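Q:
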Amino acid sequence: MVSAGLLDATVQGLITGAVIAGGALGLSLIYDIAEVPNFAHGDMITIGAYLALVFNNPGEIPFLPDFGSVPFVLAAIIGVVLAGVLGAVYELAIFRKFRDNDADLITMVIVSLGLALVLRNAVLFLVGSKNIQYQTPRVITTNFDFLVTQTGLTVITTQRQAGELVTTGEWGYPWWLIVAGILAAVAVGYAVFALYREEEDFTTVSLIPPKILGAAGSIGTVLLLGVFARLDPQGTDYILGTQIGLNVKHITILAVVIVAMFILNVILKTTKLGRAMRATADNMALAEVRGVDADRVQLVVWVVAAMLAALAGILTGWFATNLTPNMGFALLLPIFAAVILGGISSPYGAVAGALIIGLSMDVGVYLIPGSSTYRVAIAFVILIGVLLVKPEGIWGDV
Amino acid sequence: MAVADFIISLLTFIAIYSLFGIGLNLKFGFTGLIDFGHVAYFMIGAYVTVVLTMPAGAAGYSGIGGFALPELFGVLGPIGSLFGWLLGVLGGMIAAALVSLAVGVPTLRLREDYLAITALGIATILTTVVNDEEWLFNGPFGINTVHAPLRDVFPLSLGSFTLNMAVFGILSLAAFGLTGYWLARAFRRQGRRGKLVLGVLVPLVAVWYFVLPTLSDGMVELTRNTLWLFDPTAGPKGGMDYDRFVLLLSVAALGGGYWLVERTINSPYGRVLRAIREDEDVPRALGKETFQYKLQALMLGSALAGAAGALWAINIGFIAPDQFAATITFYAFTAVIVGGTANNKGVILGTAFFWGIRNGTRFIDVPSQYSIQLAASRLMLIGVVLILILYYRPEGLLGEQDYDIPLPSRDSSGGTDDV
Chain A
1 MVSAGLLDAT VQGLITGAVI AGGALGLSLI YDIAEVPNFA HGDMITIGAY
51 LALVFNNPGE IPFLPDFGSV PFVLAAIIGV VLAGVLGAVY ELAIFRKFRD
101 NDADLITMVI VSLGLALVLR NAVLFLVGSK NIQYQTPRVI TTNFDFLVTQ
151 TGLTVITTQR QAGELVTTGE WGYPWWLIVA GILAAVAVGY AVFALYREEE
201 DFTTVSLIPP KILGAAGSIG TVLLLGVFAR LDPQGTDYIL GTQIGLNVKH
251 ITILAVVIVA MFILNVILKT TKLGRAMRAT ADNMALAEVR GVDADRVQLV
301 VWVVAAMLAA LAGILTGWFA TNLTPNMGFA LLLPIFAAVI LGGISSPYGA
351 VAGALIIGLS MDVGVYLIPG SSTYRVAIAF VILIGVLLVK PEGIWGDV
Chain B
399 MAVADFIISL LTFIAIYSLF GIGLNLKFGF TGLIDFGHVA YFMIGAYVTV
449 VLTMPAGAAG YSGIGGFALP ELFGVLGPIG SLFGWLLGVL GGMIAAALVS
499 LAVGVPTLRL REDYLAITAL GIATILTTVV NDEEWLFNGP FGINTVHAPL
549 RDVFPLSLGS FTLNMAVFGI LSLAAFGLTG YWLARAFRRQ GRRGKLVLGV
599 LVPLVAVWYF VLPTLSDGMV ELTRNTLWLF DPTAGPKGGM DYDRFVLLLS
649 VAALGGGYWL VERTINSPYG RVLRAIREDE DVPRALGKET FQYKLQALML
699 GSALAGAAGA LWAINIGFIA PDQFAATITF YAFTAVIVGG TANNKGVILG
749 TAFFWGIRNG TRFIDVPSQY SIQLAASRLM LIGVVLILIL YYRPEGLLGE
799 QDYDIPLPSR DSSGGTDDV
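Protein sequences, first through last, are from chains A and B. Per my numbering, the first sequence starts with residue 1, numbered consecutively. Per my numbering, the second sequence starts with residue 399, numbered consecutively.
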């Protein structure tokens, strides 16, 4: 039996980062293309989470008849779609009018603040402030104990079943396999990178940059080997040991966010609409001269951003197993930190920023004892530090 | 409760929050800095003043201090004690200014929207620190041993009942006379719409304050409301009670802050601040170190918020971290924008409008299980009003104020900076 350590905190940080990335992607689109520093984004997250709740667990909402529960996945999809409709409403009813008035950045900040007050208190008005849960199947966490011994690495998986800790699996990797695996991963990664690398000039737009494809190849190799090349345990007399708790939530959240990122990436890079969005981000007046319908682009931006925010909200509510009217506002600061850290003109930077913020929050809380209430503070220290060195953010331009 | 007492507590609120709002107006209205962390300086001012002035080893307090400044100077009598308290307030203001300096140096070089988010973040963190670190300022339990300056002097009595009634009554009537003169002057200067609004509102308020209580409770109420400074129930001979003193103190502080900011923005120095708001490159091209100007505006605005915090602590008599949530900043922004951004009179008007509505709706009777709904709908209304004002009347109720030295405008007719 070993205790959870740095590796577990890293996994937690990855999940936090993934959820923040969901919000940060949408915020960076709004920030860059609609030019609104959207302080209502946190409350758009809350609204999304509660929209899914309406269908998943209507009995908890006082003003609704209890019409039975829809499965969580279906409720989540309906919630995301409805949130997209609301995103169109924000744009059409509020932000388009202010843009037509040539409102400056400061005005947009205050307007989004007003919207934030309305949204958060609408939730409070309709649902009240109590903690609510989604109706979902119970999730069993599997603990992976990693033990480094003289002869290699031993993995023991345990689960808590009916109050008892049950060992469900035990296997290991000898040193030669680990070395071979690392070599294979490096080789595969470099091969993929070399295969897709091409001469770049400023017109090159690769759907996925070769560096990221290569890294994905390496990670895939490690995972495949880890799953299929399970050999005998290498003893339990460990030199170093650590534990990671994983369940289906972790994997689902990572998968959903990666898929959402990929879809957004495809839209931005391969469709005409995506090109129009990138052009509007670059220079709205020039884009309009070339026949881009800026109003349509802005509408799409708000719909997509609201849907991504709702997705982040639903995932947060599911992961943390409760929903409160303040859940989105609590995420707002880390999301802003991620977007500014990544450089507001790049959705990819926002994702990178989100991962850095998520990791630093959870790893920081692990490394500094007694700092669990200062998660957001850690994110901000990182943000201010980076801004002092590189005011344009880490990623620069798209 | 007499109407006069309700009005006194409401006016004290409005005076304190107006001082807070004037500090914000200096940052946001005149210099163009969106400080979403303004409430942090309110909190720092309140805490530092309270800790500097409270006696050491207070019961139920396990934080730093207190430093008992009023007792230290108390040997010189009540004036010395008051001086000690003023030193405490000064300490609170300096602490607020220094913290805003620490916040401003890294963030003011950034884009204006980055300042908004980093300031909000830092204010949230500071509230968390005060809430979680019990060794600092007693954590979530707050401080309930707030030193009230000159508390022993009140109720203030001048000798006999008749003398009290005459002196405080004449002072009360003088205050009404001043208000009346002031309203009449404002009425003459207004356009037709302004005249209409004033002509309807002022008689309505006068009827509510003077006539309605008389109809229901007779001449005693009328006397109490007219001679509002005089409280016949305070002590055996009547006199001025402490609440009325806190009101006068708050109004005096507001007057001081108002005068300070007016002098600042009407000076050549203030013209640079306004030029920074309009286009920072222009004053910089003329050789002004705009970064230092912005930093100084931030510090002065924060110091005023700190003074407001010190008054807040006396008025409530108890401070705790949850009184200083980020929403207080947003209320102040609403008040500034509703009244008129970059208009100090507008800030007071906006604050009165905002808190009048907010506290006035307390009288709406709802069943207690709907109290959350009432609070939520109030905040929703504030959000909607904020958006509507920004769309239909972005300059606020009063618009930008006139300056002694206007920025050069296209038609060079002087007046406001609106170009």
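Glycine included, every Cβ here is placed at the ideal spot set by N, Cα and C. Please read all numbers here as calculations on a predicted model, not as lab measurements.
1) Return the Cβ separation of alanine 724/B and valine 448/B in integer angstroms, given the expectation that the two are a contact with Cβ distance under 8 Å.
2) May I have a chain-ordered list of the alpha helix (DSSP H) segments no shorter than 4 residues that lie completely inside the segment 38 to 121 of chain A?
3) Identify which residue in Asn56/A, Gly128/A, Ile132/A, Val166/A has its Cα closest to the Cα of threonine 141/A.
4) Would you list the residues sitting across from arginine 160/A in a DSSP beta bridge?
5) Which of the residues in the segment 91 to 110 of chain A, read from start to end, lie with their CB under 8 Å from any CB of chain B?
6) Along the chain, where does the beta strand (DSSP E) that runs through asparagine 143/A open and close?
7) Against threonine 525/B, what residues of chain A qualify as contacts under a CB-to-CB distance less than 8 Å, listed in chain order?
8) Could you spell out where the beta strand (DSSP E) holding leucine 240/A opens and where it closes?
9) For the segment 507 to 522 of chain B, which residues have a beta carbon sitting closer than 9 Å to at least one beta carbon of chain A?
10) Quick one: what does DSSP say arginine 509/B is sitting in, helix, strand or coil?
11) Could you please tell me which residues of the segment 772 to 783 of chain B, in chain order, have their CB closer than 7 Å to any CB of chain A?
12) Cutting at 6 Å between CB atoms, please list the residues of its own chain near aspartate 802/B, excluding the five before and the five after it.
13) Indicate the three-state DSSP secondary structure (helix, strand or coil) for methionine 441/B in the structure shown.
14) Closest to glycine 385/A by CA distance: which of Gln243/A, Ala338/A, Leu367/A is it?
15) How many Å lie between alanine 708/B and isoleucine 726/B at the Cα?
16) Does valine 398/A get closer than 8 Å to chain B when you measure Cβ to Cβ?
17) Applying a beta-carbon distance threshold of less than 7 Å, which residues of chain B neighbour alanine 118/A?
18) Distance cutoff 8 Å, beta carbons only. Does aspartate 433/B sit that close to anything in chain A?
19) Measure from the alpha carbon of isoleucine 251/A to the alpha carbon of each residue in Ala4/A, Val19/A, Gly5/A, then state which is nearest.
20) Just to make sure I have the definition right: I need the residues of chain E whose C-beta is within less than 7 Å of the C-beta of alanine 312/A. Which are they?
21) Skipping 5 residues on each side, what residues in its chain have a beta carbon closer than 6 Å to that of glycine 421/B?
22) Residue ranges of each alpha helix (DSSP H) run of no fewer than 4 residues wholly in the segment 552 to 625 of chain B, ordered along the chain?
23) Three or more C-beta pairs under 8 Å: does that hold for the segment 457 to 466 of chain B against the segment 525 to 534 of chain B?
24) Taking CB distances under 8 Å as the criterion, tell me whether serine 129/A reaches chain B.
25) Checking contacts by CB at 8 Å: is valine 301/A closer than that to chain B?
26) What does tryptophan 171/A pair with, by DSSP beta-bridge criteria?
27) Using 8 Å as the Cβ pair cut-off and three pairs as the minimum, do the segment 204 to 218 of chain A and the segment 265 to 281 of chain A touch?
28) Using 8 Å as the Cβ pair cut-off and three pairs as the minimum, do the segment 443 to 457 of chain B and the segment 482 to 502 of chain B touch?
29) Whose CA, out of Gly245/A, Ala184/A, Gln135/A, lies closest to the CA of arginine 160/A?
30) So is methionine 617/B buried or exposed if we call it buried at 16+ other beta carbons inside 10 Å?
31) In chain B, what lies closer than 9 Å to proline 391/A by C-beta?
32) Shortest alpha-carbon distance to alanine 774/B belongs to which of Tyr31/A, Ala116/A, Asn121/A?
33) To the nearest angstrom, how far is the alpha carbon of leucine 671/B from that of phenylalanine 428/B?
34) Tell me where the alpha helix (DSSP H) around threonine 316/A begins and ends.
35) For the alpha helix (DSSP H) that contains valine 783/B, what are its first and last residues?
36) For methionine 79/A, would you say it is in contact with chain B, using Cβ-to-Cβ distances shorter than 8 Å as the test?
A: According to the structure data:
1) In the second sequence, the residue the question calls residue 724/B occupies position 326. In the second sequence, the residue the question calls residue 448/B occupies position 50. Not really, about 21 Å apart at Cβ, beyond 8 Å.
2) 41 to 56, 72 to 90, 96 to 100
3) Mapped onto the first sequence, residue 141/A falls at position 141. Distances from the CA of threonine 141/A to each of Asn56/A, Gly128/A, Ile132/A, Val166/A were compared; the closest alpha carbon is that of Val166/A.
4) Here residue 160/A refers to the residue found at position 160 of the first sequence. Partner(s): Leu165/A.
5) Ile94, Lys97, Phe98, Asn101, Ala103, Leu105, Ile106, Thr107, Val109, Ile110
6) Your numbering for residue 143/A matches position 143 in the first sequence. Its beta strand (DSSP E) spans residues 142 to 148.
7) The count along the second sequence starts at 1 and reaches residue 525/B at position 127. In chain order: nothing, as chain A lies at least about 11 Å away.
8) The residue you call residue 240/A lines up with position 240 of the first sequence. Unbroken beta strand (DSSP E) run through leucine 240/A: 240 to 246.
9) Arg507, Leu508, Arg509, Glu510, Asp511, Tyr512, Ala514, Ile515, Thr516, Leu518, Gly519, Ile520, Thr522
10) The residue labelled residue 509/B in the question sits at position 111 within the second sequence. Arginine 509/B falls in the coil class under three-state DSSP.
11) Ala774, Ser775, Leu777, Met778, Ile780, Gly781, Val782
12) Residue 802/B sits at position 404 when you count from the first residue of the second sequence. Around aspartate 802/B: Asn664.
13) Counting from 1 along the second sequence, the entry for residue 441/B is found at position 43. In this structure, methionine 441/B counts as helix in the three-state DSSP scheme.
14) Counted from its first residue, the first sequence places residue 385/A at position 385. Ranking Gln243/A, Ala338/A, Leu367/A by Cα distance to glycine 385/A puts Ala338/A first.
15) The count along the second sequence starts at 1 and reaches residue 708/B at position 310. The count along the second sequence starts at 1 and reaches residue 726/B at position 328. Taking the Cα positions, alanine 708/B is about 16 Å away from isoleucine 726/B.
16) As a first step, residue 398/A must be located in the first sequence, where it is residue number 398. Because valine 398/A sits at a pLDDT of 40, beneath the cut-off of 50, its placement in the model cannot be relied upon, and the following sentence gives the value as read from the coordinates. Not an interface residue.
17) The residue labelled residue 118/A in the question sits at position 118 within the first sequence. Checking the sequence, you will find valine at residue 118/A rather than alanine. Result: Met778, Gly781, Val782.
18) If you number the second sequence from 1, residue 433/B lands on position 35. So, not an interface residue.
19) Within the first sequence, residue 251/A is the residue found at index 251, counting from 1. Measuring from the Cα of isoleucine 251/A, the nearest candidate turns out to be Val19/A.
20) Any reference to chain E falls outside this structure, whose protein chains are A and B.
21) Start at 1 with the first residue of the second sequence, and residue 421/B comes out as number 23. Gly699, Leu702, Ala703.
22) 559 to 587, 590 to 604, 610 to 615, 617 to 624
23) Contact holds: three or more Cβ-Cβ distances are below 8 Å.
24) Here the question's residue 129/A lines up with position 129 in the first sequence. Yes, its Cβ sits closer than 8 Å to a Cβ of chain B.
25) Within the first sequence, numbered from 1, the residue matching residue 301/A stands at position 301. Not closer than 8 Å to any Cβ of chain B, the Cβ of valine 301/A fails to qualify, so no.
26) Within the first sequence, numbered from 1, the residue matching residue 171/A stands at position 171. In DSSP, tryptophan 171/A forms a bridge with Val155/A.
27) yes
28) yes
29) The residue labelled residue 160/A in the question sits at position 160 within the first sequence. Cα-wise, what sits closest to arginine 160/A is Gly245/A.
30) As a first step, residue 617/B must be located in the second sequence, where it is residue number 219. Classification of methionine 617/B: exposed, given that the 10 Å Cβ count is below 16.
31) Numbered from 1 along the first sequence, position 391 holds the residue referred to as residue 391/A. Arg507, Leu508, Arg509, Tyr512, listed in chain order.
32) Looking up residue 774/B in the second sequence gives position 376. The shortest C-alpha to C-alpha distance from alanine 774/B to any of Tyr31/A, Ala116/A, Asn121/A is the one to Asn121/A.
33) Along the second sequence, one-based indexing puts residue 671/B at 273. Along the second sequence, one-based indexing puts residue 428/B at 30. Their Cα atoms are separated by approximately 6 Å.
34) As a first step, residue 316/A must be located in the first sequence, where it is residue number 316. Start and end: 294 to 319.
35) Stepping through the second sequence from its first residue, residue 783/B is reached at position 385. 769 to 790 is the span of the alpha helix (DSSP H), which, as asked, contains valine 783/B.
36) By one-based count along the first sequence, residue 79/A stands at place 79. The question names methionine, yet the displayed sequence has glycine at residue 79/A. No - not a single Cβ of chain B is within 8 Å of the one on glycine 79/A.
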